[in-house]
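Novice:
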Amino acid sequence: MSLFRPRVLLSVALLGLLAGCGGEEVRPTPPPQPTVVPQAKPVKIGIALGGGAAKGFAHIGVIKMLEANGFEPVVVSGTSAGSVVGALYASGMDAFQMQSRAVALDEASIRDVRLFSGGLVQGQKLQDYVNEQVANRPAEKLKKPFAAVATQLETGERAIFVRGNVGQAVRASSSIPGVFEPVKIGGRNYIDGGVVSPVPVDAARQLGAEFVIAVDISSKASGKAPTGMLGIVNQSIAIMGQRLGEQELARADIVIRPKVLDIGAADFSQRGTAILEGEKAAMAAMPQIRAKILQLQKARAAALAPPAPVVAPKCDEPSRLGKLMGRKEKC
99 MSLFRPRVLL SVALLGLLAG CGGEEVRPTP PPQPTVVPQA KPVKIGIALG
149 GGAAKGFAHI GVIKMLEANG FEPVVVSGTS AGSVVGALYA SGMDAFQMQS
199 RAVALDEASI RDVRLFSGGL VQGQKLQDYV NEQVANRPAE KLKKPFAAVA
249 TQLETGERAI FVRGNVGQAV RASSSIPGVF EPVKIGGRNY IDGGVVSPVP
299 VDAARQLGAE FVIAVDISSK ASGKAPTGML GIVNQSIAIM GQRLGEQELA
349 RADIVIRPKV LDIGAADFSQ RGTAILEGEK AAMAAMPQIR AKILQLQKAR
399 AAALAPPAPV VAPKCDEPSR LGKLMGRKEK C
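For the sequence shown, my numbering assigns the number 99 to the initial residue and increments by one for each residue that follows.
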């Protein structure tokens, strides 16, 4: 009996010690906290509408297709004919509303001929028409940021109108030298913006556009002489601004060129054709627009994503028995 009792007592002691190890509380690993990733803001699309007289109806077709595909511009800049369409668009009209006005437009309502006054056309009718269409709101009160680009006659510098009388700014931007009278604003004279900025990409950037779609309808020197005085003057302006225009177009993200070179500068009878060509050119550019905007969105989302968390190596803690035996953590 004396040998048996110590063995029994030792066994009971070991069982008690093991029971104490098994009874240690096991705490579940807490689930990882969800990471809140800030949402990237929508890309701010700007549209730069170039000059080209009656070819400018093509801008309506371009805008129509951009809207239909979910790429509505929120910033608008325009030169010459582009400033006319741009002002109406910035006022809150959609492409279909602009098209209905274009179809109903009477050329006589925007052209006031006055001989021997520095130009064949005074331009007051154009100014009044634009102001009527935008409900006489100043540029800073339009629904979209808008800029009309003109040329300061005395210095040859670019002028960007973003405030004040919209009709007057459009009139200045559209005052083709020798055809329209120069427009006096604040004691200075202004002429067509196509001389210095045929497609106003930079103006759209200055208004805050992050992605600029430029629409180029300007005449290029093709080896054929244009017909009519307005056509000659319009092509002369295009040639003067061609090099500057190419440099500025290079700063756009997308350039759309509707096939309207065969439409005369004063041929309002081709407005339907011009709109259709604008639609075709915009649709042809849509895959490129979609891909570039997606690329920009991905880059923006990556910049906003939080850095990956640093995970410390997990160590195996020894049991209570192991601690009693002097064991250490294993990592």
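Beta carbons: idealized from backbone N, C-alpha and C, even for Gly.
Predicted model only: the values in this text are computed from it and were never measured.
1) To the nearest angstrom, how far is the alpha carbon of D360 from that of T371?
2) Where do the N-terminal and C-terminal ends of the beta strand (DSSP E) with Q395 fall, by residue?
3) Between the beta-carbon of A270 and the beta-carbon of V260, is there less than 8 Å?
4) List, from N- to C-terminal side, the alpha helix (DSSP H) runs of 4 residues or more that fit wholly inside the stretch 262–309.
5) State the CB to CB distance for the pair E165 and D192, rounded to an integer number of angstroms; the pair is presumed to be in contact (CB under 8 Å).
6) Looking at the structure shown, is A200 part of a helix, part of a strand, or coil, going by DSSP?
7) Give the single residue among S175, G265 and M384 whose Cα lies nearest to the Cα of G221.
8) Give the C-beta separation of G285 and S316 to the nearest angstrom, bearing in mind that I take them to be a contact with Cβ-Cβ under 8 Å.
9) Compute the distance between the beta-carbons of V228 and V182, then report whether it is under 8 Å.
10) By the 10 Å Cβ neighbour count, where 16 or more other Cβ atoms means buried, how is P356 classified, buried or exposed?
11) Could you tell me which residues DSSP puts in a beta bridge with F244?
12) Hey, is the stretch 164–180 in contact with the stretch 377–394, meaning 3+ C-beta pairs nearer than 8 Å?
13) Could you give the C-beta distance for A312 and I352, rounded to a whole number, given that I count them as a contact under 8 Å?
14) State the Cα-Cα distance for the pair F214 and A397, rounded to the nearest angstrom.
Specialist: On the basis of the data shown:
1) Cα-Cα distance, rounded: 11 Å.
2) Premise fails: Q395 lies in the alpha helix (DSSP H), R369 to L402, not in any beta strand (DSSP E).
3) For A270 and V260, no; Cβs fall outside 8 Å.
4) Complete alpha helix (DSSP H) runs here, min 4: 264–271 and 299–304.
5) Rounded, the Cβ-Cβ distance is 6 Å, consistent with contact.
6) Of the three classes helix, strand and coil, the one that applies to A200 here is helix, per DSSP.
7) When each option's Cα is compared against that of G221, the closest is G265.
8) About 30 Å; that fails the 8 Å criterion.
9) In this structure, V228 places its C-beta atom within 8 Å of the C-beta atom of V182.
10) Using a 10 angstroms sphere on the CB of P356, the tally of other CB atoms reaches 16 or more, which defines it as buried.
11) DSSP lists V174 as partners of F244.
12) Yes: at least three Cβ pairs fall under 8 Å.
13) Between I352 and A312 the Cβ distance is about 7 Å, and since that is below 8 Å, they are a contact.
14) Bear in mind that the predicted position of F214 carries a pLDDT of just 48, short of 50, making it unreliable; the figure below should be weighed with that in mind. Cα atoms of F214 and A397: separation of roughly 57 Å, rounded to the nearest angstrom.
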